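Using the working numbering, you'd call the opening residue of the sequence shown number 228 and step up by one each time.
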Amino acid sequence: LQYYATSNHAVGNKAFRVYPIPAKEVLHIEFPVNDQHRIVLKNMQGRVVTDQTTSVEKYSLPVKNIPQGLYLLKISGKDFVKQIKIVIE
């Protein structure tokens, strides 16, 4: 039996969800609207691992080939920027 966390984040009147944490193969990010969003994943040394732009409500970020560890996920939209820590296993 394994448990996975879901990370819910609100920025102003917008909210998004990031799951599963820890991520093994894919990290899902759900947005409330189809606005354009930028998703940047950095390692703890600040090196950019991936930098993507999307305008879908549900985005799947493949993490299968990313080394295990702690990362910073930066999500930005038209009127917000949010950075959260995630674990990749």
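C-beta atoms are modelled at their ideal positions from N, C-alpha and C, and glycine is treated no differently. As the structure is a prediction and not an experimental result, all values here were calculated from the model.
For ALA242, does the count of other Cβ atoms within 10 angstroms reach 16, so buried, or fall short, so exposed?
Walking along the sequence shown from the start, residue 242 turns up at place 15. Result: exposed.
In whole angstroms, give me the CA-to-CA distance for ARG274 and LEU299.
Indexing the sequence shown from 1 puts residue 274 at position 47. Indexing the sequence shown from 1 puts residue 299 at position 72. One C-alpha to the other measures close to 10 Å.
Beta carbon of VAL290 nearer than 9 Å to that of VAL267:
Taking the first residue of the sequence shown as 1, we reach residue 290 at position 63. Taking the first residue of the sequence shown as 1, we reach residue 267 at position 40. Cβ distance not < 9 Å, so VAL290 and VAL267 don't count as in contact.
For ARG265, the nearest candidate out of GLY304, ILE315 and GLU316 (CA to CA)
Within the sequence shown, residue 265 is the residue found at index 38, counting from 1. Among GLY304, ILE315 and GLU316, the Cα nearest to that of ARG265 is on GLY304.
Quick check on DSSP: helix, strand or coil for LYS301?
Locating residue 301 in the sequence shown gives position 74, where the first residue counts as 1. Here LYS301 sits in strand by DSSP.
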